[in-house]
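One gets our numbering by counting positions in the sequence shown from 1 and adding 104 to each.
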Amino acid sequence: MVHNQVDTSRIQDMDSGEKRLNELGYKQELRREMTLFKTLAISFSTMTLFTGITPLYGSSLAYAGPASLVWGWVVVSFFTWFVGIAMAEICSSFPTTGSLYFWAAHLAGPKWGPLASWCCAWLESIGLIAGIGTQAYAGSQTLQSIILLCTGTNKDGGYLAPKWLFLCMYIGLTLIWAFLNTFALEVIAFIDIISIWWQVIGGTVIVIMLPLVALTTQSASYVFTNFNVAPERTGISSKPYAVILSFLVSQYSLYGYDAAAHLTEETKGADKNGPIAILSSIGIISVFGWAYILALTFSIQDFSYLYDPTNETAGTFVPAQILYDAFHGRYNSSAGAIILLFIIWGSFFFGGLSITTSAARVVYALSRDKGIPFSSVWQKLHPKHKVPSNAVWLCAAISILLGLPILKVNVVFTAITSICTIGWVGGYAVPIFARMVMAEKNFKPGPFYLGKARRPICFVAFLWICYTCSVFLLPTYYPISWDTFNYAPVALSVGLGLIMLWWVLDARKWFTGPVRNIDTDNGKV
């Protein structure tokens, strides 16, 4: 339906990103105020230096020892570049807030576009909303360790937050992020600029200081070549299986770079700056993340003690124990460990804030195209700040519901992480596959164009995404029981099954994908 006519007199003075947006059939509604640095800050904050590595470091280290963990980061970083490059090319051509969802619709063509965009939008929405939960859970876990060390230790009568308080912290963080996202985007962008410096400076301090403070450090041989499975701890004796699971920390950490694409309707020169932000985020995280893993691993004092439930951190959080051993061993005080844990907690806070921003943009874009129940409610913008505030609070509410099992279930984080990764990364696969198989004559390239290299790059990226989604469905501990069962496959099967059933019975009759709100004549997508 035609709602507005493009004012051709403005085209000469129009931002390049806004011009391409109009060509695609959308008018500019959100404020286009984000610079490259601000967009990079939000993208970097969504990936974050600490938030992926810290909560899964202990379990990944336990599966196969340090060598598999350390080299796993290098391997995963290598394949992540294929995904990032493929997405950067598409982002350059389609600088829209709907990003992956919009890309899928246009790249798949008129016949398959509605189904492709439906699948992609729901996968991405599930992944991002679960992503808020992962940040809230890991942030609460870090705060739990900070409180424990501030009040003594597990050995000296320190206070270990019970499940009900842990859930309160989880809910509190989620509500704070939603509240902040209700303000103008400039506030979020300002906070995220603080975030990038927080993580760069804080990360540098931790990476340099931790090995220097530790009384002893592990040898290079131990860090880079020591490989051993721990069936007594994980129940897994198969070496190949242990290696696969030890890579999970890297696969969970190295995504989120599409956050820059969600903000392209609000970014100046988005057809150029969007791809730059995506690739820059991957580069920064690849280097800093590896350095952080090395700093933690070199600083291990006693491997077996890290998992001892009677240790100072109650065996609940391996990085916290490594920090405690280093600072208490040298200074007989846990103050340094608490300060560094606070830096790490700040990273979770900033990461959750950025993911809430991205999740709300995806829900807003899907609502704008009538693809979600009560779309008229969720697509409303705040009258003053021009941000999708209703979508923000919807995402927060669902994220809180995901965390309620904390009170009864011990493997909540495993399930939420798996749902987040499969939904978020799985959403990448749809537009990348469509780009790989589409006729080149139907693609209008942006400033960042791969040319003949696009098919092999997209092929490797697609296979890597399929592999990543598959491994997050695997059991992570044996023997399998209610306490160790990874229920993500069940949750995803039910959720995606209902979504696809809705498509077959009803949505396919009316859902057409992105709805244009400008009349435009454009031969290519």
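Idealized CB from N, CA, C, for every residue including glycine.
- Task: Could you check the C-alpha separation between F454 and G360 for me, to the nearest Å?
- Result: 13 Å
- Integer Cβ distance of F186 from I561, believed to fall under 8 Å: 6 Å
- Message: Can you tell me whether F154 is buried or exposed? The criterion is at least 16 other CB atoms within 10 Å of its CB, across all chains shown.
- Response: buried
- With a threshold of 16 other CB atoms inside 10 Å of the CB of G162, please say whether the residue is buried or exposed. buried
- Query: What residue from W614, L314, S350 and W528 has the CA that sits closest to R87's CA?
  - Reply: This structure gives no information on residue 87, because the portion of the chain shown stretches from 105 to 629.
- Query: Do S458 and A430 have their C-beta atoms closer together than 9 Å?
  - Reply: no
- Any idea what DSSP makes of M313, helix, strand or coil? helix
- Task: At 4 residues or longer, and completely inside the stretch 158-232: list those alpha helix (DSSP H) runs for me, N to C.
- Result: 170-197 and 204-211
- Can you tell me whether T338 is buried or exposed, with buried defined as 16 or more other CB within 10 angstroms of its CB? buried
- Cβ neighbours of P379 in the same chain (closer than 6 Å, five flanking residues each side left out): A192, C195, S196 and F552
- Message: Assuming W328 and V174 are in contact, meaning their beta carbons sit under 8 Å apart, how far apart are those beta carbons, in whole angstroms?
- Response: For clarity, residue 328 is Phe in the given sequence; the question names Trp instead. That belief holds up - the Cβ atoms of F328 and V174 are roughly 6 Å apart, short of 8 Å.
- Query: What residues in its chain sit with their C-beta under 7 Å from that of T184, if we drop five residues either side in the sequence?
  - Reply: L358 and I386
- Query: Can you list, in chain order, the stretches of the alpha helix (DSSP H) that have 4 or more residues and sit fully within the stretch 551-593?
  - Reply: 558-575
- Item | Range of the contiguous alpha helix (DSSP H) that encloses E336 | P335 to T338
- Item | DSSP-derived helix/strand/coil call for D610 | coil
- Note down the Cα distance separating R465 from W207, rounded to an integer number of angstroms. 15 Å
- Find out if the Cβ-Cβ distance for the pair V491, N285 is shorter than 9 Å. yes
- With a CB to CB cut of under 8 Å and the five nearest residues on each side skipped, what residues in its chain are close to G530? L227, G231, I569 and C573
- Which term fits I157, buried or exposed, when burial requires 16 or more other beta carbons within 10 angstroms of its beta carbon? buried
- Euclidean distance between Cα positions of T398 and V309: The sequence as given places Leu at residue 398; Thr does not occur at that position. Going from the Cα of L398 to the Cα of V309 covers about 14 Å.
- Query: Are T417 and Y428 touching if we call contact CB-CB under 9 Å?
  - Reply: yes
- Task: Return the CA-CA distance between L410 and T246, expressed in angstroms with no decimal places.
- Result: 16 Å
- Buried or exposed: where does D610 fall if 16 or more other Cβ atoms within 10 Å of its Cβ makes it buried? exposed
- Task: Have a look at W222 and Y571 and give me their C-alpha separation to the nearest angstrom.
- Result: 22 Å
- Reduced DSSP category for S438 - H, G, I as helix; E, B as strand; rest coil: coil
- Message: Tell me the rounded alpha-carbon separation between L577 and Y345.
- Response: 13 Å
- For A395, which residues from the same chain have a beta carbon less than 6 Å from its beta carbon, with the 5 sequence-adjacent residues on both sides left out? V311
- Item | Nearest-angstrom Cβ-Cβ length linking C224 and P477, presumed shorter than 8 Å | Between P477 and C224 the Cβ distance is about 18 Å, and since that is not below 8 Å, they are no contact.
- Task: Please work out which residues of its chain come closer than 6 Å, Cβ to Cβ, to T257, disregarding the five sequence neighbours upstream and downstream, and give them in chain order.
- Result: E416
- Item | Cα-Cα separation between G617 and I236, rounded to whole angstroms | 25 Å
- Item | Per-residue DSSP class, three states only, for W273 | A small fix is needed here, since residue 273 is Met in this sequence, not Trp. Three-state result, M273: helix.
- Item | Same chain only: Cβ atoms within 6 Å of A190, ignoring 5 sequence neighbours per side | I536, I561, C562 and A565
- Close-in-space but distant-in-sequence residues of the same chain around M273 (CB under 6 Å, 5 per side omitted): S244 and L247
- D406, buried or exposed, once every other Cβ within 10 Å from all chains shown has been counted against 16: exposed
- Item | Beta-carbon gap between S172 and V347 smaller than 9 Å | yes
- Item | Member of F198, G176, A168 and P159 whose CA lies at the smallest distance from the CA of G550 | F198
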